[in-house]
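Mature numbering (1 follows the signal peptide of the UniProt record, and there is no 0) puts the sequence shown at residues -19 to -1, 1 to 232. C-beta atoms are modelled at their ideal positions from N, C-alpha and C, and glycine is treated no differently. Scroll down for the structure; my scribbles are underneath it.
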Amino acid sequence: MWILQIFTCFTFYASCVTGMERIVGGRDVEIQDFPYQLSVRLRFKHICGGAIISSSYGLSAAHCFKNTGLYSVRAGSNFKDFGGVLVYLQTVILHPNSRSVHRYDYDIAILKFSIPLLFGPNIQPIRLPNRNDVLKPGMNGYISGFGDTFTYSHAGSRKLRAVEIFVQNIQFCEKKYRIYGVVINRSKMFCAGYLYEPRDSCQGDSGGPFVRNNTLYGLVSLGAECGDPNYPGIYTNVVAFRDFIRLNTGL
């Protein structure tokens, strides 16, 4: 979600440090290179990103599911609104603490598909991290999605886009986001971006994957101005939720 939008939306990006929607500073990519990518849809309209972790399950951000309605996912397509396969969600399992006052500390949801996905060149699961994996400042990763390419564009990207970003010093991010009242839980969040040019997730990318070495380490959670080097995006640390994932999926 995007914070500066959060304050604009509440009177501020998370539903507004708002759910992010499109990749800033990236390029169009082929689904074969990001076959784990999901478009999460409410009433058939794209709202968030997600990642395939098995034929039956995916992951996304909990804040994407604040509304009631018919949720589905599109998998296996370069395009947001056609191609690939469209599968309804049977169940969305929100972390039990995702509705608390510290909800963004637990911004993760497990998606149970109504039917198993059939794997092929365009649809593949992404590996989950080990419990003892550690992300350090300077480590790179790739984010992908169909979200906005700049703040307030509200259009989203018609095609899948991706960009390389880098894990940033957590103290730097804590200082920057304090002005918005955002407290970064170091054990459950990390921040990532690029300090020299606009590279970021944006509205519509929420819940999408941060991948390093073919492993899913993060989910897009919140941010301020899309692509502002002074405000790296904040990501759910998947390592911190391995027990939650295993308990509910067996993975």
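Given residue i as reference, the closest of the options once Cα atoms are compared
i	options	result
residue 67	114, 84 and 24	24
residue 121	69, 102 and 197	197
residue 10	158, 72, 61 and 28	61
residue 17	27, 7 and 39	39
residue 84	57, 102 and 45	45
residue 213	75, 170 and 185	170
residue 28	15, 14 and 43	43
residue 163	191, 203, 32 and 128	203
residue 41	201, 86, 55 and 97	201
residue 22	8, 81 and 55	55
residue 206	165, 161 and 166	161
residue 107	32, 166 and 98	32
residue 8	88, 153, 143 and 26	143
residue 20	101, 119 and 128	128
Extent of the continuous alpha helix (DSSP H) run through residue i
i	result
residue 152	151 to 158
residue 229	223 to 230
7 angstroms Cβ shell around residue i - same chain, five flanking residues per side excluded
i	result
residue 139	60 and 61
residue 226	91, 109 and 232
residue 157	211 and 212
Beta-carbon proximity list for residue i, same chain, < 6 angstroms, skipping 5 on both sides
i	result
residue 228	none
residue 69	53 and 95
residue 126	4, 30, 186 and 189
residue 191	122, 124, 198, 199 and 216
residue 97	36 and 37
Nonlocal neighbours in the same chain, by C-beta distance under 8 angstroms from residue i, ignoring five residues either side
i	result
residue 223	109, 110, 111 and 112
residue 168	218 and 221
residue 230	34, 35, 37, 38 and 91
residue 12	18, 57, 58, 59, 65, 103 and 141
For residue i, the first and last residue of its enclosing beta strand (DSSP E)
i	result
residue 139	Careful: residue 139 lies outside any beta strand (DSSP E) and carries neither H nor E.
residue 190	190 to 193
residue 119	No beta strand (DSSP E) contains residue 119, which DSSP labels as neither H nor E.
residue 26	26 to 33
residue 184	First-last for residue 184: undefined, no H or E at that position.
residue 205	Per DSSP, residue 205 belongs to no beta strand (DSSP E) and is neither H nor E.
residue 20	18 to 23
residue 55	52 to 56
residue 41	38 to 41
residue 217	214 to 218
Query raised in the report: For the 8 angstroms Cβ check, are there 3 or more pairs between the segment 46 to 53 and the segment 218 to 226?
Result: no
Query raised in the report: Does the pairing of the segment 97 to 115 with the segment 189 to 204 give three or more beta-carbon distances under 8 angstroms?
Result: yes
Query raised in the report: What residue ranges within the segment 62 to 103 form continuous beta strand (DSSP E) runs of no fewer than 3 residues, ordered along the chain?
Result: 66 to 75 and 90 to 94
Query raised in the report: Is it a yes or a no for the segment 171 to 188 touching the segment 142 to 156, going by three-plus beta-carbon pairs under 8 angstroms?
Result: yes
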